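S.K.: With this note's numbering, you'll find the sequence shown wraps up at 466, consecutive numbering, no jumps.
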Amino acid sequence: MLNSKQLIEITGISRATLNNYVALGILPNPVVKSPPENEGKATRLGYFDESAVDVIKRVQILKKQGLSMAGIAEEFGGRRRKSSVQETALAAVHQSEPSLGEHESLTSLCLESSIESFPGPAYMVNNNFELIWWNDSAVESFFGDNRDMPGELESRNLLKLLFEVQPASDEATLKEILAPHIAAAKKRLSKSGLIKIYSALGAQQLTLLKSIYDDVEPVLKAPMAHYPSILPAKDGSAELFDLYVCFYREGILFTYSPVSLEVDFLLEFLSKRNQVINELLKKRQPYLTNVTVMVADLQSSAKICSELPAEEYFELINDIWQQSEPIFRKYHGTYGKHAGDGMVYYFFPQPDCD
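1. Going by other Cβ atoms of all chains shown within 10 Å of its Cβ, with 16 needed for buried, is Leu420 buried or exposed?
2. With a cut-off of 8 Å on the beta carbons, I'd call Tyr458 and Val405 a contact; round off their distance for me.
3. Could you spell out where the beta strand (DSSP E) holding Ala408 opens and where it closes?
4. CB-CB under 7 Å to Pro461, same chain, minus the five flanking residues each way: which ones, in chain order?
5. In chain order, which continuous runs of the alpha helix (DSSP H) of length 4 or greater are located wholly inside the region 293 to 353?
6. Please go through the same chain and pick out, in chain order, the residues whose beta-carbon is closer than 6 Å to the beta-carbon of Thr367, but skip the five residues on each side of it.
7. Please return the same chain residues whose Cβ sits closer than 8 Å to the Cβ of Lys322, not counting the five positions on each side in sequence.
8. If you check the beta carbons only, do Met325 and Lys298 fall under 9 Å apart?
9. Does the distance from the C-beta atom of Glu242 to that of Arg268 stay below 9 Å?
10. Which residue's Cα is closest to the Cα of Thr123: Gly137, Lys145, Val165?
11. Going by Cα to Cα distance, which pick from Asp161, Phe440, Glu329, Ile429 is closest to Ala296?
12. What residue range does the alpha helix (DSSP H) around Ala422 cover?
13. Count the other CB atoms, across all protein chains shown, that sit within 10 Å of the CB of Thr446; report buried if there are 16 or more and exposed otherwise.
Here it is in structure tokens:
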């Protein structure tokens, strides 16, 4: 048998492509086991039958002939294999969650319960990549069962937590977990902005971040991105997931779905962007953060108000607002309510800003 590293070297494909072939059913799930001492430092590797080389070469030929990946997957019977797994997995879901099976189907879940019942790990970060929402599955998979997250927002930085907890057994697997996150960050943060946020990391970790940032393709204008993903299970086996990354003005949502499940209901809910983000924001975890408050008052407003006709006074106030507001907005100020005729703006930490 060939381990995943050997298969990648022989065929010239990337690890992401290999993961994609497994997710599509073109290749069978790897056998995960501890490698011999002469196969590097990794504690566990995925092993494939040697025939996988011929399968990949056949895929490369079909791609050159213009066949789509969906067509190639069907050519290798991926859909048929996946269908039987889906039926088994869905049956298991209904058995383990009888309340859903008895009262509502997956496709008729209400929006609120679907957010609480994502089929896999899910979490949302703000534009500085600090966690503002997560589910229990994310804690178990990524954060070392640490359910008491720090209150300070800066201490909840996602990539820092991933480095600290080390959800992967080796650097290659960790790199695969980090890659889609950094690709998402690349849409919002420049390289210098990313390094500034993570300046406290060790030299080796910073080098890894820079390397991944340079290698990954940025997510362009699409509001959602999809990545095939393999996560290590507690028993050391490999679990296949579809990772969906959704971009909002307020932050980025990451949600994993086992490839054995039918995800149409999940995609349908994620497509309702306004409703989803509203529900997520309602369920944001509390946190402590720095804030600057700026108040602008009209000097001697009572005297001016008494000396000017009401119409002229309100025209003056409106003119002041129209001239001042763009300045506050330029520096990402958030409007607040003022008791009088002045203005209040709150300034929260922003990515790529001092």
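Beta carbons: idealized from backbone N, C-alpha and C, even for Gly. Because the structure is a prediction, the values reported are computed rather than measured.
M.R.: Well, looking at it:
1. The residue is exposed, with fewer than 16 neighbouring Cβ atoms inside 10 Å.
2. Contact flag correct, Cβ pair sits at about 6 Å.
3. Residues 404 to 408.
4. Hits under 7 Å: Asn240, Thr401, Asn402.
5. Listed in chain order, the complete alpha helix (DSSP H) runs (minimum 4 residues) inside the region 293 to 353 are 303 to 309, 315 to 327.
6. Residues Phe230, Ala234, Tyr356 of the same chain have their beta carbon placed closer than 6 Å to that of Thr367, with the five preceding and five following residues left out of the count.
7. Same-chain partners within the cutoff: Lys303, Ile307.
8. The question names Met, but residue 325 in the sequence shown is Tyr. Yes, the Cβ-Cβ distance between Tyr325 and Lys298 is below 9 Å.
9. Against a cut-off of 9 Å, the Cβ pair of Arg268 and Glu242 comes out as a contact.
10. Minimum Cα distance to Thr123 is reached at Val165.
11. For Ala296, the nearest C-alpha among the options comes from Glu329.
12. Secondary structure note for Ala422: its alpha helix (DSSP H) is the uninterrupted segment 422 to 442.
13. Counting Cβ neighbours within 10 Å, Thr446 comes out exposed, since fewer than 16 surround it.
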